[in-house]
Amino acid sequence: MAISSAIKALRVAASRTSILRGCHIDAIKDSSLAAILTEWEEFKTYDWRDLIKKMKNPSIVYDGRNILPLQDKSINLIKLGVK
Numbered sequence: 018m019a020i021s022s023a024i025k026a027l028r029v030a031a032s033r034t035s036i037l038r039g040c041h042i043d044a045i046k047d048s049s050l051a052a053i054l055t056e057w058e059e060f061k062t063y064d065w066r067d068l069i070k071k072m073k074n075p076s077i078v079y080d081g082r083n084i085l086p087l088q089d090k091s092i093n094l095i096k097l098g099v100k
């Protein structure tokens, strides 16, 4: 019973602070920040240059798993553990 109450409380909290989108393109559109926190192959195959163009300007992409090969100086890219 306690677990179902906790799940319900999390869903209510998430609905107040989060917006769920149907796909990655809708989720990133007009955002200021994208955070990559997984090494899933799916994220490696995205066209990140195109996705970044859909974001607000300026925007930041935080690559916490170092999966993006981008070296474009016009992109505010923060890579974990890379200087």
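Under the numbering used here, think of the first position of the sequence shown as 18, with each following residue one higher.
Note that the Cβ used here is the ideal one computed from N, Cα and C, for glycine as well.
Rounded to whole angstroms, what's the CA-CA distance from S21 to K73? Just pull it up for me.
-> 38 Å
How many Å lie between K70 and L97 at the Cα?
22 Å
Quiz item: Which ranges does the beta strand (DSSP E) cover as unbroken runs of at least 3 residues, wholly within the region 45 to 85, from first to last along the chain?
Solution: 50 to 53 and 77 to 80
- Item | Distance, K61 Cα to V78 Cα | 14 Å
Residue range of the beta strand (DSSP E) that K96 falls in? N93 to K96
Could you tell me which of L85, I53 and S48 sits nearest to S76, measuring between CA atoms?
S48
Nearest to I95 (by Cα), restricted to the options L85, E59, Q88 and D80 | D80
Open item on the list: My output table needs one value for K25: the three-state DSSP class, helix, strand or coil.
Closed with: helix
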